[in-house]
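**Student:** Would you mind keeping the following structure in view while I ask a few things?
Residue numbers (my numbering): 298 to 569.
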């Protein structure tokens, strides 16, 4: 019976999104009244299995970042259903908000603007844990362990964000997101502002953490080579809609939708 229960838990997806729609009001006139709505995410559905990586690709402005932000409540979805580990999420309910904050963390594109320049690394890393009732000493020990995991020296705890390189700051953002032991990481262009060599280090780190901790990743990127190397599945968006989805090797090698074909054709290559 215990084995049956464990198997049932394993098949529950990390994320289930059904018919999600995000709209923004378009105002006009003297009084600035709402005259229309702009649909940024239009009827998007997908499933992210536990321990897997699902990448979202598409041109700038297709709704990728808006979609991801709606999953943590930074942008309000107008319609649709969103489940986290099998439990329906409603950001109007405090219990749902707490569940998302405990189990889902987001890593943004610009690591420097994501870190408070007036706080030391110790303050940045321990604050989320202390806010959950953990003692400062225990939080500090956890921070030291997390720094070791992302290959940052423990003596850096008293330093400020500006004292680190871009790659190190992105590692710090990853360490901060992992302090609360999340089940899902939402990665919004986490390597686009970094050098190629540093990109490889961050990608290897994310993949290692996924394997070690069983974390599920929703990964946004414009780099098709990165997406193919890292992802289990790929979701292609165009003007807020999903036009294609499937295993990474299939979508990026043998795309079926015309837009995906054109997107891949636009990737620069070295030809003689």
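For every residue, glycine included, the Cβ atom is placed at its ideal position computed from N, Cα and C.
1. To the nearest angstrom, how far is it from the Cα of residue 458 to the Cα of residue 469?
2. Exposed or buried, residue 331, counting other C-beta atoms within 10 Å across all chains shown (16 or more means buried)?
3. Just verifying my parser: in three-state terms, what is the DSSP assignment at residue 393?
4. For residue 561, I'd like the list of residues in its chain whose CB is within less than 8 angstroms of its CB, leaving aside the five on either flank, ordered along the chain.
5. Looking at C-beta atoms only, is the number of pairs between the stretch 399–419 and the stretch 347–355 that lie closer than 8 angstroms three or more?
6. Cα separation between residue 304 and residue 347?
7. Under the three-state reduction of DSSP, which class applies to residue 365: helix, strand or coil?
8. Measure the C-alpha to C-alpha separation of residue 381 and residue 529 and round it to an integer number of angstroms.
9. For the beta strand (DSSP E) that residue 350 lies in, which residues bound it at each end?
10. From which residue to which residue does the alpha helix (DSSP H) around residue 423 run?
11. Tell me whether the beta-carbon of residue 538 lies closer than 9 angstroms to the beta-carbon of residue 340.
12. Might you give, ordered along the chain, the residues of its own chain that have their beta carbon closer than 7 angstroms to the beta carbon of residue 437, omitting 5 neighbours on each side?
13. Less than 8 angstroms between the CB atoms is what I'm expecting for residue 465 and residue 449, so what's the real figure, rounded?
14. Here's the rule I'm using: 16 or more other beta-carbon atoms within 10 Å means buried, otherwise exposed. How should residue 373 be labelled?
15. Thinking C-beta only, is residue 472 closer than 9 angstroms to residue 500?
16. On the DSSP bridge assignment, give the partners of residue 324 in chain order.
17. So residue 487 packs on residue 513, CB below 8 angstroms; how close in whole Å?
**Tutor:** Here's the rundown:
1. By one-based count along the chain shown, residue 458 stands at place 161. By one-based count along the chain shown, residue 469 stands at place 172. One C-alpha to the other measures close to 9 angstroms.
2. On the chain shown, position 34 is the one that residue 331 refers to. When all chains shown are included, residue 331 counts as exposed.
3. What you label residue 393 is simply residue 96 of the chain shown in a count that begins at 1. In the structure shown, residue 393 sits in a helix (DSSP, three-state: H, G or I).
4. Residue numbering aside, residue 561 sits at position 264 when the chain shown is read from its first letter. Contacts found: 521, 549, 552.
5. Verdict: no, contact absent.
6. By 1-based counting over the chain shown, the position of residue 304 is 7. By 1-based counting over the chain shown, the position of residue 347 is 50. The predicted position of residue 304 is uncertain, since its pLDDT is 48 and thus under 50; a value taken from the coordinates is nonetheless stated next. Cα to Cα, the separation comes out at about 13 angstroms.
7. Taking the first residue of the chain shown as position 1, residue 365 is located at position 68. Looking at residue 365 - three-state DSSP - the assignment turns out to be helix.
8. If you number the chain shown from 1, residue 381 lands on position 84. If you number the chain shown from 1, residue 529 lands on position 232. When rounded, the distance between both Cα atoms is 19 angstroms.
9. Position 53 of the chain shown, counted from the first residue, corresponds to residue 350. In the DSSP assignment, residue 350 falls within the beta strand (DSSP E) that extends over 350–354.
10. Your numbering for residue 423 matches position 126 in the chain shown. Residue 423 -> alpha helix (DSSP H) spans 418–427.
11. Residue numbering aside, residue 538 sits at position 241 when the chain shown is read from its first letter. Residue numbering aside, residue 340 sits at position 43 when the chain shown is read from its first letter. Yes, these two residues count as a Cβ contact at 9 angstroms.
12. Here residue 437 corresponds to residue number 140 of the chain shown, with the count starting at 1. For residue 437, where only same-chain residues beyond five positions count, the Cβ hits under 7 angstroms are 419, 423.
13. Against the chain shown, residue 465 aligns to sequence position 168. Against the chain shown, residue 449 aligns to sequence position 152. The Cβ separation is near 6 angstroms, so the contact holds.
14. Residue 373 sits at position 76 when you count from the first residue of the chain shown. Classification of residue 373: exposed, given that the 10 Å Cβ count is below 16.
15. Locating residue 500 in the chain shown gives position 203, counting from the first residue. Locating residue 472 in the chain shown gives position 175, counting from the first residue. No. Outside cutoff.
16. Taking the first residue of the chain shown as position 1, residue 324 is located at position 27. According to DSSP, residue 324 bridges with 331.
17. Within the chain shown, the letter at position 190 stands for residue 487. Within the chain shown, the letter at position 216 stands for residue 513. Between residue 513 and residue 487 the Cβ distance is about 15 angstroms, and since that is not below 8 angstroms, they are no contact.
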